[in-house]
Every structure is written in C-alpha cells, then in structure tokens.
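Peer 1: Below you'll find the structure I mean.
Structure representation (structure tokens):
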C-alpha cells in the first residue's frame, strides 16, 4: 500500500508541479508539495505502527463519549 501512495504522490507531484512551475505559481506548488509530504508521513507512520491523528482523536474523545452515552 505504501508503494502505491509513493508512486501516486510522485505522479501527482510531477503532473501538477510541471504546470505550476510553467505558470510560476510558487505558492500553489508549495501547497501541493506540503500536502503530498503530509500524506506520505501519515502512510509511513501507519505502516510502522506509530500513532496517527485518528488514534489521538479517539484517545481524547473516548472518555467524553463514555460519559455522555452512559447518561443516556
């Protein structure tokens, strides 16, 4: 799965990057690159067994959900 994400990120980055560089849209290019890097970091952290943002949100909201739904 990680290979698919890496390959698709490279393809998206290349296709979008070439057009943005030709138009000299540097801010948009930096946004695309940053978002692709974030996606790669999330994918690799998921495969390495590290905590993802979804895990952190679940850990934070689980006690609140238990309290709320126990009162219903």
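Numbering (our numbering), first residue to last: 296 to 367. Backbone N, C-alpha and C fix where the C-beta goes; we use that ideal spot for every residue, glycine too.
For residue 344, name the three-state secondary structure that DSSP assigns.
Peer 2: The residue you call residue 344 lines up with position 49 of the chain shown. Three-state DSSP puts residue 344 in coil, outside helix and strand.
Peer 1: When the Cα atoms are used, what is the spatial distance from residue 309 to residue 336?
Peer 2: To locate residue 309, count along the chain shown from 1; it is residue 14. To locate residue 336, count along the chain shown from 1; it is residue 41. The alpha-carbon atoms of residue 309 and residue 336 are separated by roughly 18 Å.
Peer 1: Taking the beta carbon of residue 351 as the centre, do at least 16 other beta carbons fall within 10 Å, making it buried, or is it exposed?
Peer 2: Mapped onto the chain shown, residue 351 falls at position 56. Flag for residue 351 reads exposed.
Peer 1: Give the secondary structure of residue 317 by DSSP, where H, G and I count as helix, E and B as strand, and everything else as coil.
Peer 2: The count along the chain shown starts at 1 and reaches residue 317 at position 22. Three-state DSSP puts residue 317 in a helix.
Peer 1: Mind reading off the beta-carbon distance from residue 311 to residue 300? Whole number of angstroms is fine, and I expect it under 8 Å.
Peer 2: Taking the first residue of the chain shown as position 1, residue 311 is located at position 16. Taking the first residue of the chain shown as position 1, residue 300 is located at position 5. At roughly 16 Å, the Cβ-Cβ gap does not stay under 8 Å, so residue 311 and residue 300 are not in contact.
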